[in-house]
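J.: Just passing along the structure, written as structure tokens.
Residue numbers (my numbering): 6 to 179.
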């Protein structure tokens, strides 16, 4: 195929939201902190349905498992379902915190014995209408106002801080 006969490249109308962080810890510990202690470090206010009533967040650690928050009164609110489970390298899940389900993929990449890159890709925005894309989520502005990008940056910063703080006490993970 020549350059003249190739179809034009069309940019994605609704590209994925991507964020990344570096964690000064090995990949196994980094992954464990993310999935086993998410209820401790995840900023439930404003990034959850129950906010201050959230008692815990749980990963059922297998393909088909649920990710959900549990409130003080025992109510559970599902965040999504695990579509792929690749411990300690990552997972893919549906995200039901949007008007129509989207998809989140987290990847954990060992860059050295004590350094891990964690990347998130939140995709599937095509399932939402233009009006839904501009609706506020946990932060004002929705997808079109870059609230999801800012939100994931905040969440990953909280996570990196927690993973690095727990590095010295690896044996104390629940």
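In this text, a Cβ means the ideal position worked out from N, Cα and C, and glycines have one as well.
All values reported here derive from a predicted model rather than from experimental measurement.
Give me the DSSP bridge partner(s) of residue 87.
T.: Residue 87 sits at position 82 when you count from the first residue of the chain shown. Answer is 98, bridged to residue 87.
J.: Sort 106, 135, 118, 122 by Cα distance to residue 128 and report the nearest one.
T.: Here residue 128 is taken as the residue at index 123 of the chain shown, counted from 1. Of the candidates 106, 135, 118, 122, the one whose C-alpha sits nearest the C-alpha of residue 128 is 106.
J.: Distance, Cα to Cα, residue 141 vs residue 98?
T.: For this step, residue 141 is matched to residue 136 along the chain shown. For this step, residue 98 is matched to residue 93 along the chain shown. Roughly 22 Å separates the two Cα atoms.
J.: Between the alpha carbons of residue 59 and residue 77, how many angstroms are there, rounded?
T.: Here residue 59 is taken as the residue at index 54 of the chain shown, counted from 1. Here residue 77 is taken as the residue at index 72 of the chain shown, counted from 1. Each residue's Cα considered, the two are about 6 Å apart.
J.: Quick check on the burial criterion: 16 or more other C-beta atoms within 10 angstroms. Buried or exposed for residue 29?
T.: For the purposes of this step, residue 29 is taken as the residue at position 24 of the chain shown. By the neighbour-count rule (16 or more Cβ atoms within 10 Å), residue 29 is not buried but exposed.
J.: Could you check the C-alpha separation between residue 42 and residue 95 for me, to the nearest Å?
T.: In the chain shown, counting from the first residue as 1, residue 42 sits at position 37. In the chain shown, counting from the first residue as 1, residue 95 sits at position 90. Near 15 Å, if we compare the C-alpha coordinates of residue 95 and residue 42.
J.: Who are the near neighbours of residue 146 in its chain, counting only those whose CB is closer than 7 Å to its CB and skipping five residues on each side?
T.: Translated into positions along the chain shown, residue 146 becomes position 141. Cβ within range, chain order: 152.
J.: Can you give me the Cβ contacts of residue 61 inside the same chain, cut-off strictly under 8 Å, excluding the 5 residues immediately before and after it?
T.: Sequence index remark: in the chain shown, residue 61 carries index 56 (1-based). If we look at residue 61 and ignore the five residues flanking it on each side, its Cβ neighbours are 44, 74, 75.
J.: So, is the C-beta of residue 69 closer than 7 Å to a C-beta in chain B?
T.: In summary, chain B is missing from the structure at hand, where a single protein chain is found.
J.: DSSP three-state call for residue 34: helix, strand or coil?
T.: The sequence position of residue 34 within the chain shown is 29, counting from 1. Three-state DSSP puts residue 34 in a helix.
J.: So, helix, strand or coil for residue 161, using DSSP?
T.: Along the chain shown, read from residue 1 onward, the residue named residue 161 stands at position 156. Helix, per DSSP.
J.: To the nearest angstrom, how far is the alpha carbon of residue 103 from that of residue 92?
T.: If you number the chain shown from 1, residue 103 lands on position 98. If you number the chain shown from 1, residue 92 lands on position 87. Each residue's Cα considered, the two are about 26 Å apart.
J.: With C-beta atoms as the reference, is residue 26 less than 7 Å away from residue 115?
T.: Here residue 26 is taken as the residue at index 21 of the chain shown, counted from 1. Here residue 115 is taken as the residue at index 110 of the chain shown, counted from 1. In this structure, residue 115 does not lie closer than 7 Å to residue 26 by Cβ.
J.: For residue 172, which residues of its own chain have a beta-carbon under 6 Å away from its beta-carbon, when the five flanking residues on both sides are left out?
T.: Mapped onto the chain shown, residue 172 falls at position 167. Result list for residue 172: 30, in chain order.
J.: Give the DSSP bridge partners of residue 126, in chain order.
T.: Working through the chain shown from its first residue, we reach residue 126 at position 121. Residue 126 pairs with 23, 110.
J.: Assuming residue 46 is part of the alpha helix (DSSP H), what are its boundary residues?
T.: In the chain shown, the residue the question calls residue 46 occupies position 41. Segment 43-46, the alpha helix (DSSP H) holding residue 46.
J.: Tell me whether residue 79 sits in a helix, a strand or coil according to DSSP, three-state version.
T.: Position 74 of the chain shown, counted from the start, is the residue given in the question as residue 79. Reduced to three states, the DSSP call for residue 79 is coil.
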